[in-house]
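Visitor:
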Amino acid sequence: MDATHAVVMDLSWSDARAATPAIRTTVERTADFAPDAEIAARVASHLAKVEAMDEMVLSSVRRVRRDLFPGLIVDAAAAARGRRASLRRSAADATPPLTSVGVRNGERSMATLLASIVAAELGADCCVLEAGGVRGNATYEASLTFAHLRAELPFENLMAVVPVDGASLSAFVRDSRDRPDLRSPRGYAFVLHGDVGLAYCPERKAVTTVRGEPLDPDRLYTVATCVDLGFGSGLCRKQPLVWVVLTKLENSLARSNQSRFG
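Residue numbers for the sequence shown follow my numbering, beginning at 30 and rising by one.
#1: What does Gly223 pair with, by DSSP beta-bridge criteria?
#2: Count the other C-beta atoms from every protein chain shown that fall within 10 angstroms of the C-beta of Lys78, then say buried if there are 16 or more, exposed otherwise.
#3: Specify the secondary structure class of Pro209 as computed by DSSP and reduced to three states.
#4: Just the Cα atoms here: how many angstroms apart are Leu227 and Gly241?
#5: State the CB to CB distance for the pair Asp194 and Asp154, rounded to an integer number of angstroms; the pair is presumed to be in contact (CB under 8 Å).
#6: Just the C-alpha distance for Ser89 and Leu142, rounded to the nearest angstrom, thanks.
#7: Count the CB pairs spanning the stretch 128 to 136 and the stretch 213 to 230 that are closer than 8 Å, and state whether there are at least three.
#8: For the stretch 42 to 90, which segments carrying the alpha helix (DSSP H) assignment without a break, of at least 4 residues, lie completely within its bounds, in sequence order?
#9: Tell me whether Asp39 sits in a helix, a strand or coil according to DSSP, three-state version.
#10: Please report the straight-line C-alpha distance between Ala144 and Thr59, rounded to a whole angstrom.
#11: Could you tell me which uninterrupted beta strand (DSSP E) segments, each at least 3 residues in length, are contained entirely in the stretch 159 to 211, listed from first to last along the chain?
#12: Going by DSSP, which residues form a beta bridge with Leu127?
#13: Provide the residue(s) that pair with Ala228 in DSSP beta bridges, ordered along the chain.
#14: Taking three-plus beta-carbon pairs below 8 Å as touching, is the stretch 65 to 72 in contact with the stretch 34 to 45?
#15: Compare the Cα-Cα distances from Thr55 to each of Thr33, Phe62, Phe201 and Met38 and report the closest residue.
#16: Rounded to a whole number of angstroms, what is the C-alpha to C-alpha distance between Met85 and Val225?
#17: Where do the ends of the alpha helix (DSSP H) carrying Thr33 lie?
#18: Compute the distance between the beta-carbons of Thr254 and Val157, then report whether it is under 7 Å.
#19: Given a cut-off of 7 Å, decide if Pro192 and Leu249 are closer than it, judged by their beta-carbon atoms.
Take a look at the structure:
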């Protein structure tokens, strides 16, 4: 992908009557060759537009946390008077940092955010994402940019919406989480993270809610997940994961700006 090496192929004919050439190939490190100044300038001019996208702010962290954790309710009047914001839930419950640090060791808010966006964008009852696909390993304080999103989701994983009964969904999540690996420094790459409406109880070793409602073990839920997770047939839709999330955040931000300034 980054062209760190190049294959050089030489074709030579011993004489004009030879039917086929002699072929010689070598693999060379591109860093050993000086770049062509004209081509480098042209590449830089094209990349400038791409690199500018990295700085594009998709959403503020404050807004994401407000939407993701609706239990955090700010009393605007009290805030205007300089008082401490009132909370519906306790501060520890309602204000988790937006982070993907330790995503292989257990639930993290960034993975919850990404799963929630995918579930909403694909119209699924819920979404489960593998920890190994969330790669940013960062905590966000002010804003989310396209560069942050690309760091969190470096792979264009294809997503699918598949029908899964509640009992199987619960067992699948349980098998990914009920592991000693989660307590190791490396964690477990295949631990499944759910959206904000999917709750898992470690004590019961079971999924307890989907869409924020009690799990029905016999109900057939539509589950958004990576194609290679093995939920089986019945694929409904597929989209590259990074573009699903980007589209949702862009649309959400545009609606916010329109209501604010329009």
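Here a beta-carbon is modelled for each residue, glycine too, at the ideal position from N, C-alpha and C. Nothing here was measured: the structure is a model prediction, and the numbers come from that model.
Guide: According to the structure data:
#1: Val157
#2: exposed
#3: helix
#4: 6 Å
#5: With a Cβ gap of about 12 Å, Asp194 and Asp154 do not count as contacting.
#6: 13 Å
#7: yes
#8: 66 to 83
#9: strand
#10: 39 Å
#11: 172 to 174 and 188 to 194
#12: Tyr169
#13: Thr238
#14: no
#15: Met38
#16: 26 Å
#17: Counting along the chain, Thr33 falls outside any alpha helix (DSSP H), and DSSP gives it neither H nor E.
#18: yes
#19: yes
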